[in-house]
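Okay, so here's the structure we're looking at.
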Amino acid sequence: IQKQRRLLSYFPEI
Amino acid sequence: MLEGKLEQASLFKKVVEAVRELVQDCNFDCTENGLALQAMDTSHVSLVSLLLTADGFSEYRCDRNLALGINLVSLTKILRCGNNEDILTLEAGDSADSLVVRFENTQQDRMSEYALKLMDIDQEHLGIPETEYAASITMPSTEFQRICRDMQSISESITIDCTKGGVKFTCEGDIGSGSVTLKPNSSADKPELCTKIDLSEPVSLTLSTKYLLNFCKATGLSQQVTLKLADENPILVEYPLSAGHLRFYLAPKLDE
Numbered sequence: 006i007q008k009q010r011r012l013l014s015y016f017p018e019i
Numbered sequence: 080m081l082e083g084k085l086e087q088a089s090l091f092k093k094v095v096e097a098v099r100e101l102v103q104d105c106n107f108d109c110t111e112n113g114l115a116l117q118a119m120d121t122s123h124v125s126l127v128s129l130l131l132t133a134d135g136f137s138e139y140r141c142d143r144n145l146a147l148g149i150n151l152v153s154l155t156k157i158l159r160c161g162n163n164e165d166i167l168t169l170e171a172g173d174s175a176d177s178l179v180v181r182f183e184n185t186q187q188d189r190m191s192e193y194a195l196k197l198m199d200i201d202q203e204h205l206g207i208p209e210t211e212y213a214a215s216i217t218m219p220s221t222e223f224q225r226i227c228r229d230m231q232s233i234s235e236s237i238t239i240d241c242t243k244g245g246v247k248f249t250c251e252g253d254i255g256s257g258s259v260t261l262k263p264n265s266s267a268d269k270p271e272l273c274t275k276i277d278l279s280e281p282v283s284l285t286l287s288t289k290y291l292l293n294f295c296k297a298t299g300l301s302q303q304v305t306l307k308l309a310d311e312n313p314i315l316v317e318y319p320l321s322a323g324h325l326r327f328y329l330a331p332k333l334d335e
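Sequence lines, in order, name chains A and B.
One point on numbering: in the numbering used here, the residue at position 5 of the first sequence is 10, and numbering is uninterrupted.
One point on numbering: in the numbering used here, the residue at position 92 of the second sequence is 171, and numbering is uninterrupted.
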């Protein structure tokens with residue numbers, strides 16, 4: 006099963 | 080104070096049309112370099128990054144950095160009051176509570192002016208890291224749109240596999256499966272129809288069909304689209320503008 010990742014795990018909040 | 084004049088309202092109308100389903104409220108950051116917008120969709124899966132550089136405006140002035148908090152549904156209502164060919168001027172004072180939107184027809188005998196109330200939006204800003212992409216695919220934007228449209232009725236996901244020989248879009252769903260393969264090609268007469276692949280290593284990414292299709296709302300802004308892929312990283316879907324760009328990032332689907 007493939008799960009949709011969230012963007013925040015790649016792009017840090019500034 | 081901000082004052083930006085675009086010779087054709089259609090550019091701004093199309094840009095807002097392209098992002099308004101993903102993003103509802105967002106800040107337009109105005110600097111001397113131009114207008115920029117960065118916002119995530121509500122489920123925090125994709126990111127829109129728009130840049131309209133100052134040289135894309137026939138007149139542009141921004142003395143002080145401004146963040147204009149705008150509801151895109153409301154902005155759309157106002158932009159629909161102008162025609163595509165109208166000259167569009169955006170104006171906001173330094174501590175303004177509204178954005179003035181002016182339309183002027185090409186005959187210069189009809190002027191209209193609307194004011195959009197601004198909002199205070201506390202928006203998270205994301206740092207987009209420098210990424211070494213394994214593959215960069217440039218293709219006709221209508222072709223990308225067609226693939227996403229065709230595959231949406233078959234599967235919630237599209238897998239993009241890129242090798243030196245070509246790029247393959249695959250979908251698999253309850254009713255069956257499908258694939259489209261595009262090989263690099265070039266045509267000097269019609270560069271907008273070319274497919275170009277720059278590859279450092281083969282790469283494969285699985286992505287949500289719904290979001291990819293949403294990005295395709297930008298198709299009318301550019302004849303070509305560039306997809307940038309790196310393993311297990313968000314895809315970058317870029318529509319170049321005559322002065323600036325409209326970029327979408329989408330986090331991949333990964334095995335549990």
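Every residue, glycine too, gets a C-beta built ideally from N, C-alpha and C.
Please read these numbers as outputs of a predicted model, since none were measured by experiment.
Check                                                                                                                                                               : Outcome
Name the DSSP beta bridge partners of B/VAL180, please?                                                                                                             : B/LEU169 and B/TYR193
Pull up the distance between the alpha-carbon of B/ARG159 and that of B/SER153, whole angstroms please.                                                             : 10 Å
I'd like to know whether the C-beta of B/MET119 is nearer than 8 Å to at least one C-beta of chain A.                                                               : yes
Residues of chain A with a CB under 8 Å from the CB of B/THR285: which are they?                                                                                    : GLN7
In this structure, how does DSSP classify B/LEU286 when only helix, strand and coil are distinguished?                                                              : strand
Mind checking the segment 198-224 of chain B against chain A and listing, in chain order, the residues whose C-beta falls within less than 8 Å of any C-beta there? : GLU203, HIS204, LEU205, GLY206, ILE207 and PRO208
So with CB distances below 7 Å, who are the chain A contacts of B/GLU335?                                                                                           : ILE6 and LYS8
The alpha helix (DSSP H) with B/MET218 in it runs from where to where?                                                                                              : Run containing B/MET218: none in the alpha helix (DSSP H); it sits in the beta strand (DSSP E), 214-219.
Would you mind telling me which residues of chain A sit closer than 7 Å to B/ALA146, beta carbon to beta carbon, in chain order?                                    : Neighbours of B/ALA146 on chain A: none; closest Cβ ~14 Å, over 7 Å.
So B/VAL124 contacts chain A; which residues on that side make the cut at Cβ distance below 7 Å?                                                                    : GLN9, ARG11 and LEU12
Below 8 Å on the Cβ atoms is my guess for B/PHE248 versus B/SER125; work out the distance and round it to an integer in Å.                                          : Wrong, their Cβ atoms sit about 18 Å apart, outside the cutoff.
B/ALA115 touches chain A at which residues, Cβ-Cβ below 7 Å?                                                                                                        : What B/ALA115 touches in chain A: nothing, since even the nearest Cβ is about 14 Å away.
Which runs of the beta strand (DSSP E) at least 3 residues long sit entirely within the segment 81-110 of chain B? Give them in chain order.                        : 81-85 and 104-110
Would you identify the three-state DSSP class for B/ILE226, choosing helix, strand or coil?                                                                         : helix
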